[in-house]
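Undergrad: Sharing a structure here in structure tokens format.
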Amino acid sequence: MELACALRLFKENPLEEACEKIQTIGFRGVELDWETLSRQLAADSRWYATLGRWLSRMGLETVSVRVGNFTAEREDQMHLQAHVFSQMFHPVLETGTKRIVLGSGPRTLENFNCFREALARLAEQAQPLGLEIVVENELDTRMETPQDFQALFVTKYSPNTGVCVDVRHCHLAAVNAGDLIREQGPRIKLVRLCDMMGDIPVLPGRGEIEIKGLVRALRKVQYEGMVVLDYLPHREAKIEREIEQAYQYLQQIVT
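Per my numbering, residue 68 is the first one in the sequence shown, and the count goes up by one each step.
Here it is in structure tokens:
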């Protein structure tokens with residue numbers, strides 16, 4: 068396993084400056100988000116064509132791009148949203164990644180049925196491009212618990228679908244992240260790691276999350292992908308130092 072950093076931790080910095088800081092600290096990868104990418108694209112339509120090469124020259128792997136939440140509850144909404152997400156495929160590939168992270172919508176049966184059908188369609192469209200569609204767990208959405216993922220993958224799914232384990236959202240939802248890791252082991256494509264005290268992000272090692280135990284669980288399921296540092300106490304004047312401290316702590320445990 069290697070460490071990556073979520074770009075949104077540097078949300079006050081321009082993208083290029085943020086990536087340079089991430090690389091300088093020692094991270095091997097960066098997780099991007101569609102909101103940031105689309106703003107940059109609006110400013111410079113040629114920017115996507117060079118981003119992936121620029122990150123590669125820096126020695127940073129684009130771990131994934133988080134593209135948003137699928138909220139459809141009717142068939143017409145499903146087709147529209149699936150089309151919108153499919154239009155992101157090629158710009159995402161330009162960033163150098165082969166993985167998009169998708170969230171679900173409200174905790175309703177209607178959203179679950181639409182999400183399951185759309186995921187199958189998106190995976191089919193993405194497969195020839197070599198792109199993975201990874202579903203994240205998130206508080207107060209249809210994909211929140213291990214049981215939700217069991218239901219989603221009850222039928223055979225394309226090998227280019229998978230699971231993103233977000234430890235913060237497991238904690239907020241009172242879900243045992245270790246259970247999700249053990250049950251979805253072969254499908255796990257990405258892990259977001261943090262520490263929490265109640266609902267407050269804290270530096271790793273200072274909160275209630277048993278990080279070492281989660282890393283052991285990941286090793287047991289033979290997870291060898293990236294572990295993304297995400298969610299820190301966001302004090303503008305200290306965020307870079309806190310990210311360095313988090314990196315140093317996690318480096319001893321994860322790698």
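Backbone N, C-alpha and C fix where the C-beta goes; we use that ideal spot for every residue, glycine too.
Confirm, please, whether the CB-CB distance from Glu211 to Val232 is below 8 Å.
TA: No, they are not a contact pair.
Undergrad: For Trp121, which option in Ser105, His146, Glu84 has the closest C-alpha, if you only look at C-alpha atoms?
TA: Glu84
Undergrad: Taking the C-alpha atoms as reference points, what is the distance between Lys305 and Glu98?
TA: If I take the Cα positions, the gap works out to 21 Å.
Undergrad: From Gly245, Val282, Arg183, His236, pick the residue whose C-alpha is nearest to that of Thr222; which is it?
TA: Arg183
Undergrad: Compare the beta carbon distance of Ala284 and Ile248 with 8 Å and say whether it is the shorter of the two.
TA: yes
Undergrad: Is the separation between the beta-carbon of His238 and that of Glu205 shorter than 8 Å?
TA: no
Undergrad: Assess contact between the stretch 85-92 and the stretch 124-141, defined as three or more Cβ pairs (one per stretch) separated by less than 8 Å. Is contact present?
TA: yes
Undergrad: Would you mind stating whether Phe216 and Val201 have Cβ atoms separated by less than 8 Å?
TA: no
Undergrad: Ordered along the chain, which non-local residues of its own chain (more than five positions away) have a Cβ less than 7 Å from that of Trp101?
TA: Val132, Arg133, Val134, Gly135, Met155
Undergrad: Excluding the five sequence neighbours on either side, which residues of its own chain have a C-beta within less than 8 Å of the C-beta of Thr322, listed in chain order?
TA: The beta carbon of Thr322 sits closer than 8 Å to the beta carbons of Met68, Glu69, Leu70 from its chain, once the five residues preceding and following it are set aside; these are given in chain order.
Undergrad: Using the beta-carbon count (16 or more within 10 Å), is Thr228 buried or exposed?
TA: buried
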